[in-house]
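So the sequence lines, in the order shown, correspond to chains A and B.
For the first sequence, the numbering used here assigns the number 320 to the initial residue and increments by one for each residue that follows.
For the second sequence, the numbering used here assigns the number 413 to the initial residue and increments by one for each residue that follows.
We put the CB at the ideal spot given by N, CA and C, even for glycine.
For reference, the structure discussed in these notes is given below.
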Amino acid sequence: MTAFLALLRRDLLVAARNAPMLLTATLTQPILVVLVFGNILPRLGLVADEFRTVMVPGLMSITMLMAGVQGVLMPLAADLSGTREVDERILAPITIFGVALEKVVAGAIHSALAGLIALPAMMLLIHQVTGVAVRPNMIVLLPLVAACGMVAASFGLTLGTRFEPRFSGLLFAVVLGPLMLFGCAYYPYEALEVLGPVQYVFLLNPLVFMSEAMRLAVTPEVRHMPVPLMLGGLLGFGGLFLYTGARTFARRTIL
Amino acid sequence: MPVLVVEDLVKTYPATRKAPAVEAVRGISFAVEAGETFGLLGPNGAGKSTTLGCITTLVRPTSGRVTVDGIDVVARAQDAKRLIAVVPQTRNLDRDLTVRELLVYHGRYFGLAAAERESRADRLLAEMQLTDKAGAKPLTLSGGMQQRAMIARALMHDPRVLLLDEPTTGLDPQARRMLWDTLASLQARGVTVILTTHYMEEADRLCSRLAIVDHGRILTLDTPAALKRALPGGQILDLSVRAAAAVEPALASIPGVLRIERVERSAEDEGLERLRLFIEPADGLLDRVFRAVRDGGGELKHVSLNAPSLEDVYIHLTGRELRE
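Next up, the structure:
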C-alpha cells in the first residue's frame with residue numbers, strides 16, 4: 320500500500336506541474352462546443368432549444384473519456400518505450416497488478432477533475448449566453464464521476480498496452496472518434512427507441528453508460544437510462560477494461 | 413551462507429509471429445557470498461542480461477530457482493525486491509522529476525520514513541558528486557552523471573545485493589574510472605555487487621570472482637587470477653616477424669609451443685606480422701624459437717614474454733568470431 324500511494328503521489332505531482340497545459344486541453348473542446356451548439360445554432364434556428372441542456376452531461380462524459388484515456392495513455396507510452404522507465408515501478412515492492420491499478424487510479428483522478436472543472440465552466444457559459452440554468456444533483460454526481468473516471472482510465476490502460484504510440488493518431492480517429500459520435504453524448508439513450516432494436520447496439524459503447532450516468536446526475540429532469548442498467552454497464556466495462564489492461568500490462572513488462 | 417543462489421536457471425523466450433523461440437539461458441548455476449563482487453562476462457547475446465533479469469524479477473524463469481537471502485524471487489517477489497537494487501543497461505531515470513526528487517521518491521516507494529529518505533538522498537548526492545545537480549532534470553545530465561544518479565537511486569533503499577547491467581558501456585574513460593572508484597568504495601563498505609560486462613579490464617579490476625558465459629551457459633567460473641593461470645601453457649610469447657608464414661610450421665613443431673595465433677598485421681610496416689605463441693616454459697625454448705625463425709628465412713623484429721590477460725582467457729573460451 321505504501322508503494323501504491325507513493326506512486327500515486329508521484330503521478331499527481333507531475334500532473335500538477337503540467338496543470339496549465341492539461342487544463343487548456345480539457346476545457347477548450349467543451350467550451351467551444353457550448354458556444355457553437357448552445358448559442359450560434361439555436362439562434363440560427365438549426366437546433367432545438369432543449370439541445371442546450373441535453374448536451375451538457377454529454378460533453379462532460381466526452382471530456383472525462385478523453386482525459387481518462389489520455390491520462391493513462393501518455394504516461395504509459397513513455398513507460399513502455401525503449402528506456403523502460405516502468406522498470407523502476409515494477410522493482411518497487413508492489414505487485415504488477417498494483418502498478419497497473421495505480422496508473423488507472425491516477426488516470427481516473429485526472430478524468431474526474433477534468434469533468435468537475437468542465438461542468439461549472441459549461442454551466443456558467445450556458446447561463447451567460449442563454450439564461451438556461453443547469454442544476455446538478457451533487458450527491459449523485461460525485462460517486463458517478465468517480466465511477467466514470469475509473470471506466471475511462473481503465474479503457475486507457477487497455478488501449479495503451481495494445482496499441483503502439485505511433486498508432487495513437489489512428490486510435491483517436493478510428494476508435495475514440497466513433498465512440499464519441501455514438502456515445503449518447505448529444506442525445507439521450509431513451510430517445511433512441513425510434514431506431515428499434517438498433518438501439519441495443521449502442522450498449523456496446525462504454526461512453527453510453529458514462530453519458531447516461533452524467534445525464535442522471537446533471538440533468539435529472541431529462542429522460543435517462545434505467546439506473547440498474549447504467550450501473551451495470553459502468554461496472555461491467557470498468558471491470559473488463561481493468562482486467563484485460565492489467566493482464567496485457569503484465570505481459571508487456573515481465574518477460 | 414551465500415546471499416544469492418542461482419540454481420539450474422533456464423529461460424526460453426517463446427516463439428512469436430516474427431521470431432523463433434530463443435533459448436537465452438540454458439542451465440546456469442552459481443552462488444554469490446555476501447560482500448563479493450561477482451562478474452558475468454560474455455559476448456552480446458550470451459545470456460548475461462536475461463540472467464540478471466531473472467534475479468531482479470523482471471524476467472520470469474522458464475525453470476530453475478533464484479533466491480536472495482533465502483527468499484525465492486518468483487514465489488515472494490515483493491520481499492525479494494526489497495533486498496535487491498538494479499542499475500539497468502538503459503538509462504531509465506524518471507524524466508519528470510529532478511535528481512533529488514527521484515531519489516526521495518524512490519525512498520517513498522520503499523516506505524522509508526521522511527527524515528531517513530531526505531538525509532539519505534543528501535548523503536548519496538554528495539557521495540556521487542551530484543549535489544550541485546540536485547535540482548536538474550535527469551535528461552540534462554551527462555551520461556556519466558546519469559549513471560551515478562542511477563546508482564544513487566539504487567542505494568536509496570539500502571539493498572543487500574546491487575546488480576549492474578553493463579554499467580560502463582557508453583561512458584568516456586574519465587567517467588568509467590570514476591564509476592570504478594565508486595564501485596570500489598561500495599565493495600569496501602561490504603555491499604554485494606553483481607555486474608555484467610564485456611570489458612576485460614573492468615572484470616579483472618573489480619570482480620572477486622567471475623563467470624564467463626556464452627550461449628546461455630557458464631563456460632568457467634573462478635577468480636580472475638585463477639582463470640588466467642588455467643589458460644593452457646600459462647605464458648605467452650609475442651613475436652613480431654617478417655615472413656611469418658614461412659616460419660610458422662617450424663615454430664609450431666617446437667616442444668612447449670602449444671598453440672600459435674596470428675594477431676593483426678602491423679599497419680606501418682608491411683610484411684611484419686605478430687605471432688602469439690602460447691607456451692609452456694621449458695629449457696632452451698627461446699633459443700629454439702629464435703633458431704626456427706632464422707632458419708626459416710624470417711626476420712625477428714621484436715619479442716616479448718607476457719602473462720596471459722583475461723582477454724586471452726575470454727577469447728580462448730568464446731572464440732574469435734564477431735557477435736551481433
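Rounding to the nearest angstrom, what Cα-Cα distance links residue i and residue j in this structure?
i, j, result
"residue 592 of chain B", "residue 623 of chain B", "19 Å"
"residue 662 of chain B", "residue 669 of chain B", "10 Å"
"residue 435 of chain B", "residue 509 of chain A", "58 Å"
"residue 301 of chain A", "residue 422 of chain A", "The question about residue 301 of chain A has no answer here: the residues shown for chain A are numbered 320 through 574."
"residue 436 of chain A", "residue 345 of chain A", "9 Å"
"residue 405 of chain A", "residue 513 of chain A", "49 Å"
"residue 343 of chain A", "residue 366 of chain A", "28 Å"
"residue 541 of chain A", "residue 535 of chain A", "8 Å"
"residue 458 of chain B", "residue 417 of chain A", "33 Å"
"residue 734 of chain B", "residue 656 of chain B", "With a pLDDT of only 49 at residue 734 of chain B, under the threshold of 50, the placement of this residue in the model should not be trusted, and no figure is reported."
"residue 486 of chain A", "residue 431 of chain B", "22 Å"
"residue 736 of chain B", "residue 456 of chain B", "Its pLDDT being 46, under 50, residue 736 of chain B is placed unreliably in this model, and the value from its coordinates should be taken loosely. If you take the alpha carbons of residue 736 of chain B and residue 456 of chain B, they lie about 7 Å apart."
"residue 328 of chain A", "residue 470 of chain A", "21 Å"
"residue 477 of chain A", "residue 341 of chain A", "22 Å"
"residue 521 of chain B", "residue 570 of chain B", "13 Å"
"residue 421 of chain B", "residue 322 of chain A", "29 Å"
"residue 464 of chain B", "residue 546 of chain A", "52 Å"
"residue 324 of chain A", "residue 544 of chain B", "29 Å"
"residue 428 of chain B", "residue 398 of chain A", "23 Å"
"residue 505 of chain B", "residue 489 of chain A", "30 Å"
"residue 333 of chain A", "residue 326 of chain A", "11 Å"
"residue 407 of chain A", "residue 542 of chain B", "20 Å"
Here's the rule: buried if 16 or more other CB atoms are within 10 angstroms of the residue's CB, otherwise exposed. What is residue i?
i, result
"residue 675 of chain B", "exposed"
"residue 338 of chain A", "exposed"
"residue 702 of chain B", "exposed"
"residue 516 of chain A", "exposed"
"residue 320 of chain A", "exposed"
"residue 467 of chain B", "buried"
"residue 443 of chain A", "exposed"
"residue 507 of chain A", "buried"
"residue 551 of chain B", "exposed"
"residue 718 of chain B", "exposed"
"residue 618 of chain B", "buried"
"residue 524 of chain A", "buried"
"residue 415 of chain B", "buried"
"residue 556 of chain B", "buried"
"residue 597 of chain B", "exposed"
In the DSSP assignment, find the beta strand (DSSP E) that holds residue i and state where it starts and stops.
i, result
"residue 604 of chain B", "604-609"
"residue 731 of chain B", "Taken as a continuous stretch (DSSP letters only), residue 731 of chain B belongs to no beta strand (DSSP E), as it is neither H nor E."
"residue 475 of chain B", "475-480"
"residue 629 of chain B", "629-634"
"residue 653 of chain B", "647-654"
"residue 621 of chain B", "621-626"
"residue 496 of chain B", "496-499"
What residue range is occupied by the uninterrupted alpha helix (DSSP H) comprising residue i?
i, result
"residue 473 of chain A", "457-481"
"residue 324 of chain A", "321-336"
"residue 378 of chain A", "370-398"
"residue 574 of chain B", "That residue, residue 574 of chain B, is in no alpha helix (DSSP H); its beta strand (DSSP E) goes 573-577."
"residue 565 of chain A", "546-572"
"residue 415 of chain A", "415-449"
"residue 666 of chain B", "Here residue 666 of chain B belongs to no alpha helix (DSSP H), and DSSP marks it neither H nor E."
"residue 409 of chain A", "405-409"
"residue 617 of chain B", "612-618"
Check the Cβ-Cβ distances between residue i and every residue of chain D, and say whether any is below 8 Å.
i, result
"residue 570 of chain B", "No chain D appears in the structure shown, which is made up of the protein chains A and B."
- Message: So if I threshold CB-CB distances at 7 Å, which residues from the region 539-567 of chain B count as touching chain A?
- Response: none
- Task: Compile a chain-ordered list of the residues in the region 452-464 of chain A whose CB is closer than 7 Å to at least one CB of chain B.
- Result: none
- Please list the residues of the region 396-416 of chain A that have a C-beta atom closer than 9 Å to any C-beta atom in chain B, keeping them in chain order. Cβ contacts with chain B: 397, 401, 402, 403, 404, 405, 406, 407, 408, 409, 410, 411, 412, 413, 414, 415.
- Message: Residues of the region 425-455 of chain B in Cβ contact with chain A at a cutoff of 9 Å, in chain order, please.
- Response: 425
- Message: Quick check for students: name the residue ranges of the alpha helix (DSSP H) that lie wholly in the region 491-526 of chain A, counting only runs of 4 or more.
- Response: 496-500
- Task: Quick one: which unbroken beta strand (DSSP E) runs of 3-plus residues sit fully inside the region 679-722 of chain B? Chain order, please.
- Result: 684-691, 711-718
- Would you mind listing the alpha helix (DSSP H) stretches within the region 414-471 of chain B that are 4+ residues and don't spill past its ends, in chain order? 460-467
- Message: If the cut-off is 9 Å on Cβ atoms, which residues from the region 513-540 of chain B count as contacting chain A, listed in chain order?
- Response: 513, 514, 517, 518, 519, 520, 521, 522, 523
- Message: List, from N- to C-terminal side, the beta strand (DSSP E) runs of 3 residues or more that fit wholly inside the region 506-566 of chain B.
- Response: none
- Item | Chain-ordered residues of the region 485-504 of chain B with a beta carbon less than 7 Å from chain A | 490, 493, 494, 498, 500, 502, 503, 504
- Query: Of the residues that make up the region 348-362 of chain A, which ones have a beta carbon closer than 8 Å to any beta carbon in chain B?
  - Reply: none
- Message: Against chain A, which members of the region 454-478 of chain B pass a CB distance test of less than 9 Å?
- Response: When C-beta distances to chain A are compared with 9 Å, the residues of the region 454-478 of chain B below that value are 462, 465, 468, 469, 470, 471, 472, in chain order.
- Task: Closer than 8 Å, Cβ to Cβ, to anything on chain A: give me those residues from the region 683-712 of chain B, in chain order.
- Result: none
- the region 477-492 of chain A: positions lying closer than 8 Å to chain B by Cβ: So the list is empty, because no residue satisfies the distance condition.
- Could you run through the region 428-452 of chain A and flag, in chain order, every residue whose CB is less than 7 Å away from some CB of chain B? Of all residues in the region 428-452 of chain A, none is placed with a Cβ closer than 7 Å to any Cβ belonging to chain B.
- Task: Please name the residues in the region 575-592 of chain B whose beta-carbon is closer than 9 Å to at least one beta-carbon of chain A, in chain order.
- Result: none
- Item | Against chain B: residues of the region 536-566 of chain A by CB proximity under 7 Å | none
- the region 333-345 of chain A: which residues have C-beta closer than 9 Å to a C-beta of chain B, in chain order? 333, 336, 337
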